[in-house]
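Q: Here you go, one structure.
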Amino acid sequence: GRSCALSASPHAAGAGPGPGENQTTAIIDVNPPRGTRDFPPDDMRLRTWLFHNFREVARLFAFEEVDFPVLESEALFIRKAGEEITEQLYSFEDKGGRRVALRPELTPSLARLVIQKGKSVSLPLKWFAIGQCWRYERTTRGRRREHYQWNMDIIGVPGVAAEAELIFSIVTLFKRLGLTASDVGFKVSSRKVLQAVLQCYSIPENLFGEVCVIIDKMEKVPLSEIEKKLTSIGISLEAIKGLVQVLSLKSLPQLEELLGAAGDAVADLKQLFILAEQYGYSQWIHFDASVVRGLAYYTGIVFEGFDRQGNLRAICGGGRYDKLLSTFGGDDIPACGFGFGDAVIIELLKDKGLLPMLTHTVDDIVFPLDLELQGPAAMVASTLRQKGRSVELVLENKRLKWVFKHAERINASRLILVGDSEWQRGMVRVKNLSTREEQDLKVDELE
Ligand SMILES: Nc1ccc(Br)nc1
Numbered sequence: 013g014r015s016c017a018l019s020a021s022p023h024a025a026g027a028g029p030g031p032g033e034n035q036t037t038a039i040i041d042v043n044p045p046r047g048t049r050d051f052p053p054d055d056m057r058l059r060t061w062l063f064h065n066f067r068e069v070a071r072l073f074a075f076e077e078v079d080f081p082v083l084e085s086e087a088l089f090i091r092k093a094g095e096e097i098t099e100q101l102y103s104f105e106d107k108g109g110r111r112v113a114l115r116p117e118l119t120p121s122l123a124r125l126v127i128q129k130g131k132s133v134s135l136p137l138k139w140f141a142i143g144q145c146w147r148y149e150r151t152t153r154g155r156r157r158e159h160y161q162w163n164m165d166i167i168g169v170p171g172v173a174a175e176a177e178l179i180f181s182i183v184t185l186f187k188r189l190g191l192t193a194s195d196v197g198f199k200v201s202s203r204k205v206l207q208a209v210l211q212c213y214s215i216p217e218n219l220f221g222e223v224c225v226i227i228d229k230m231e232k233v234p235l236s237e238i239e240k241k242l243t244s245i246g247i248s249l250e251a252i253k254g255l256v257q258v259l260s261l262k263s264l265p266q267l268e269e270l271l272g273a274a275g276d277a278v279a280d281l282k283q284l285f286i287l288a289e290q291y292g293y294s295q296w297i298h299f300d301a302s303v304v305r306g307l308a309y310y311t312g313i314v315f316e317g318f319d320r321q322g323n324l325r326a327i328c329g330g331g332r333y334d335k336l337l338s339t340f341g342g343d344d345i346p347a348c349g350f351g352f353g354d355a356v357i358i359e360l361l362k363d364k365g366l367l368p369m370l371t372h373t374v375d376d377i378v379f380p381l382d383l384e385l386q387g388p389a390a391m392v393a394s395t396l397r398q399k400g401r402s403v404e405l406v407l408e409n410k411r412l413k414w415v416f417k418h419a420e421r422i423n424a425s426r427l428i429l430v431g432d433s434e435w436q437r438g439m440v441r442v443k444n445l446s447t448r449e450e451q452d453l454k455v456d457e458l459e
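The numbering of the sequence shown is the working numbering, which starts it at 13 and goes up by one.
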């Protein structure tokens with residue numbers, strides 16, 4: 013028998029290529045799972061830049077950051093309204109036999125946390141989160157299965173001042189990214205418009221969510237299919253005609269004519285446009301009755317950000333969801349919020365030539381001229397780091413030519429050489445890599 017594992021040849025047959033043998037194919041698939049992305053440094057810098065802008069806007073609007081598990085109970089997302097988001101739920105049974113899901117959106121988790129906190133938090137709440145969301149899309153469409161969403165939610169404010177503030181926070185983000193009202197805009201409507209029509213035809217309230225989800229596809233599938241689906245859930249042809257008519261309205265006066273000024277729908281929308289005027293972002297938004305959004309839980313104002321060129325899918329979307337918390341067993345707490353994905357916005361910025369140039373830069377590169385000086389070089393690096401400078405310490409015995417090349421690659425501002433003769437005098441040689449100026453400095457003179 014073998015004395016110990018070490019004596020076994022690590023390259024017994026079938027153990028893969030040995031040292032020096034080239035690896036033609038990797039042993040494992042080095043690509044991420046279908047529909048998911050890696051973020052190597054360049055992509056990660058762009059993502060960090062985008063998320064920094066999300067966080068900065070949230071700070072300007074005094075929102076507090078929250079987070080939740082990517083994994084939630086499946087029950088949080090089971091809604092009987094035929095939404096794409098629930099049909100594509102990334103759910104499974106865990107080893108404890110529990111039905112769990114990778115969250116497809118953040119709003120239900122936020123609602124769960126608000127209810128969990130109950131009386132221990134005072135309303136209104138202004139919370140934001142940036143989280144990865146998942147869907148299990150049939151590979152036929154080869155689309156992404158994950159994206160990161162920035163969510164901002166105002167909990168406990170019944171009036172449309174909350175929606176006005178939320179839309180302005182997105183306008184603020186767009187401006188920070190260099191986009192103007194000529195590049196992007198918001199279509200705004202209210203689900204109370206649909207509610208009013210359904211009431212006219214005495215369609216039961218419980219069909220409201222389902223009707224909205226079907227209607228949301230209005231511009232994506234032929235009208236005949238919409239009519240077929242609506243009929244299949246018991247909506248009369250007459251009611252369908254009424255719905256289609258109201259959805260084609262393009263102005264608030266037209267809506268008022270049809271619904272009368274009485275209904276909340278018109279009043280809410282009028283108030284929202286007045287506030288937008290006062291905020292100074294009227295030119296960013298317009299009423300469009302065809303905006304429904306595909307989530308069943310919206311109950312009032314709904315809006316979506318879009319690129320005016322019309323090349324891309326919606327950039328973001330949101331609205332009021334006054335009933336969601338009570339459907340989870342919480343109190344009847346009004347709420348509104350939006351989701352803003354990390355993919356369409358980057359496509360738009362690319363199209364507009366607005367992607368930032370982000371490079372990996374360091375302040376100093378420290379290089380011991382020979383191996384005995386590794387200790388002193390580490391101390392020099394530590395002194396500089398304590399002063400807040402980012403320092404690349406060369407960890408191997410490299411030729412000076414390599415060090416200069418590397419300094420260029422990482423955009424270092426200074427090269428600090430730790431040499432024997434200088435070190436004997438407690439000095440190091442400092443090269444400013446932009447001015448080429450060179451000087452010997454005492455370590456504690458470095459700043
Ligand atoms: N809901 C959702 C999740 C993931 C992606 Br990608 N798109 C939408």
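Ideal placement from N, C-alpha and C gives every residue a C-beta, glycine not left out. This one's a predicted model, so the numbers in the text were calculated from it and none came from an experiment.
Taking C-alpha atoms, which residue in D276, L307 and L264 lies nearest to I297?
A: Numbered from its first residue, the sequence shown carries residue 297 at position 285. Ranking D276, L307 and L264 by Cα distance to I297 puts L264 first.
Q: Using only the heavy atoms of ligand 1, determine whether one of them is closer than 7 Å to the beta carbon of W435.
A: Taking the sequence shown and counting its residues from 1, the one referred to as residue 435 is at position 423. Not so, every heavy atom of ligand 1 lies at least 7 Å from the Cβ.
Q: Which residue marks the beginning of the alpha helix (DSSP H) containing H418, and which one marks its end?
A: Translated into positions along the sequence shown, residue 418 becomes position 406. Taken as a continuous stretch (DSSP letters only), the alpha helix (DSSP H) holding H418 covers L412 to R421.
Q: Under three-state DSSP, which class holds M164?
A: Here residue 164 refers to the residue found at position 152 of the sequence shown. Note: M164 maps to strand in three-state DSSP.
Q: For ligand 1, any of its heavy atoms closer than 7 Å to the Cβ of I97?
A: Counted from its first residue, the sequence shown places residue 97 at position 85. Within the cutoff, so yes.
Q: Let me check understanding here. Comparing Cα to Cα, which of G400, S446, D344 and V303 lies closest to L135?
A: Here residue 135 refers to the residue found at position 123 when the sequence shown is read from its first residue. Minimum Cα distance to L135 is reached at D344.
Q: With DSSP run on the structure shown, which of helix, strand or coil describes G317?
A: Indexing the sequence shown from 1 puts residue 317 at position 305. Correct three-state label for G317: strand.
Q: Could you check which residue in V205, H159 and T243 has the C-alpha nearest to that of S260?
A: Working through the sequence shown from its first residue, we reach residue 260 at position 248. Here the closest residue by C-alpha is V205.
Q: Could you tell me if the beta carbon of P81 falls within a distance shorter than 7 Å of some heavy atom in ligand 1?
A: On the sequence shown, position 69 is the one that residue 81 refers to. Checking the Cβ of P81 against ligand 1 gives no.
Q: Does at least one heavy atom of ligand 1 sit under 7 Å from the Cβ of E117?
A: As a first step, residue 117 must be located in the sequence shown, where it is residue number 105. E117 Cβ: within cutoff of ligand 1.
Q: To the nearest angstrom, report how far apart D382 and M369 are at their CA atoms.
A: If you number the sequence shown from 1, residue 382 lands on position 370. If you number the sequence shown from 1, residue 369 lands on position 357. The alpha-carbon atoms of D382 and M369 are separated by roughly 36 Å.
Q: Please report the straight-line C-alpha distance between R150 and T60, rounded to a whole angstrom.
A: Indexing the sequence shown from 1 puts residue 150 at position 138. Indexing the sequence shown from 1 puts residue 60 at position 48. Near 30 Å, if we compare the C-alpha coordinates of T60 and R150.
Q: Enumerate in chain order the residues of its own chain whose CB-to-CB distance from P388 is below 6 Å, with the five nearest sequence positions on each side excluded.
A: Taking the sequence shown and counting its residues from 1, the one referred to as residue 388 is at position 376. Closer than 6 Å at Cβ, skipping near neighbours: V430 and W435.
Q: For E105, which of helix, strand or coil comes out of DSSP?
A: Taking the first residue of the sequence shown as position 1, residue 105 is located at position 93. Correct three-state label for E105: strand.
Q: Quick one, which of L122, T119 and E86 has its alpha-carbon nearest G109's?
A: Here residue 109 is taken as the residue at index 97 of the sequence shown, counted from 1. Residue E86 is the option with its Cα nearest to G109.
Q: Is E158 near ligand 1 - that is, is its Cβ less than 7 Å away from at least one heavy atom of it?
A: As a working note, residue 158 is residue 146 in the sequence shown. For ligand 1, at least one heavy atom lies less than 7 Å from the Cβ of E158.
Q: Using the three-state DSSP reduction, which class does A24 fall into: helix, strand or coil?
A: Within the sequence shown, numbered from 1, the residue matching residue 24 stands at position 12. Only weak support is given to the placement of A24: the predicted model assigns it a pLDDT of 47, under 50, and the question is left unresolved by the model.
Q: Tell me which residues share the same chain as P22 and place their Cβ nearer than 7 Å to its Cβ, disregarding the 5 neighbours each side in the sequence.
A: For the purposes of this step, residue 22 is taken as residue 10 along the sequence shown, with counting starting at 1. With a pLDDT of 45 at P22, under the threshold of 50, the modelled position of that residue is not reliable, and no figure is offered here.
Q: Give the list of continuous alpha helix (DSSP H) stretches no shorter than 4 residues that lie fully inside the segment 104–187.
A: Listed in chain order, the complete alpha helix (DSSP H) runs (minimum 4 residues) inside the segment 104–187 are 119–129.
Q: Would you call the segment 178–193 and the segment 240–255 in contact, with 3 or more CB pairs under 8 Å?
A: The answer is no - the segment 240–255 does not touch the segment 178–193, with fewer than three Cβ pairs under 8 Å.
Q: Can you tell me the Cα-Cα spacing of Q386 and E408, whole angstroms?
A: As a first step, residue 386 is located in the sequence shown; it is residue number 374 there, counting from the start. As a first step, residue 408 is located in the sequence shown; it is residue number 396 there, counting from the start. Taking the straight line joining both Cα atoms gives about 9 Å.
Q: Taking just the CA atoms, how far does A113 sit from Y102?
A: Counting from one through the sequence shown, the residue named residue 102 turns up at place 90. Counting from one through the sequence shown, the residue named residue 113 turns up at place 101. Near 5 Å, if we compare the C-alpha coordinates of A113 and Y102.
Q: By a C-beta neighbour count over all protein chains shown, 10 Å radius and 16 as the cutoff for buried, is L18 buried or exposed?
A: For this step, residue 18 is matched to residue 6 along the sequence shown. Here the model assigns L18 a pLDDT of 44, short of 50, so the residue's position is not dependable and the matter cannot be decided.
Q: What residues in its chain sit with their C-beta under 8 Å from that of V406, if we drop five residues either side in the sequence?
A: Locating residue 406 in the sequence shown gives position 394, counting from the first residue. Only I377, V378, F379, P380, A389, V415 and H418 meet the Cβ criterion.
Q: Is the distance from the Cβ of K270 to the Cβ of V256 below 8 Å?
A: Within the sequence shown, residue 270 is the residue found at index 258, counting from 1. Within the sequence shown, residue 256 is the residue found at index 244, counting from 1. One detail in the question is off: residue 270 reads as Leu in this sequence, not Lys. No, Cβ-Cβ distance for L270 and V256 is not below 8 Å.
Q: Would you say V169 and C224 are within 8 Å of each other, going by their C-beta atoms?
A: Indexing the sequence shown from 1 puts residue 169 at position 157. Indexing the sequence shown from 1 puts residue 224 at position 212. Against a cut-off of 8 Å, the Cβ pair of C224 and V169 comes out as no contact.
Q: Can you name the residues that DSSP bridges to V78?
A: As a first step, residue 78 must be located in the sequence shown, where it is residue number 66. According to DSSP, V78 bridges with nothing at all.
Q: Can you find at least 3 beta carbon pairs, one from the segment 226–235 and one from the segment 285–294, that sit closer than 8 Å?
A: Output reads no: the segment 285–294 does not touch the segment 226–235.
Q: Rank F80, A174, K131 and E384 by C-alpha distance to the C-alpha of D432 and give the top, closest one.
A: Residue mapping note: residue 432 aligns to position 420 of the sequence shown, counting from 1. Taking only the C-alpha atoms, the option nearest D432 is E384.
Q: Check whether the Cβ of R91 lies closer than 7 Å to any heavy atom of ligand 1, and answer yes or no.
A: For this step, residue 91 is matched to residue 79 along the sequence shown. Outside the cutoff, so no.
Q: Taking 7 Å as the cut-off, is the C-beta of D41 nearer than that to any heavy atom in ligand 2?
A: Although ligand 2 was asked about, the structure shown includes only ligand 1 as ligands.
Q: Terminal residues of the continuous alpha helix (DSSP H) containing D452?
A: The residue you call residue 452 lines up with position 440 of the sequence shown. Taken as a continuous stretch (DSSP letters only), D452 belongs to no alpha helix (DSSP H), being part of the beta strand (DSSP E) at E450 to K454.
Q: With a threshold of 7 Å on Cβ separation, who are the neighbours of E459 within its own chain once the five nearest residues in sequence on each side are excluded?
A: Taking the first residue of the sequence shown as 1, we reach residue 459 at position 447. Answer for E459: K399, listed in chain order.
Q: What number of angstroms, rounded off, separates the C-alpha of N163 from the C-alpha of G329?
A: Here residue 163 refers to the residue found at position 151 when the sequence shown is read from its first residue. Here residue 329 refers to the residue found at position 317 when the sequence shown is read from its first residue. If you take the alpha carbons of N163 and G329, they lie about 10 Å apart.
Q: DSSP three-state label for H372, please.
A: On the sequence shown, residue 372 is found 360 positions in, with the first residue counted as 1. In this structure, H372 counts as coil in the three-state DSSP scheme.
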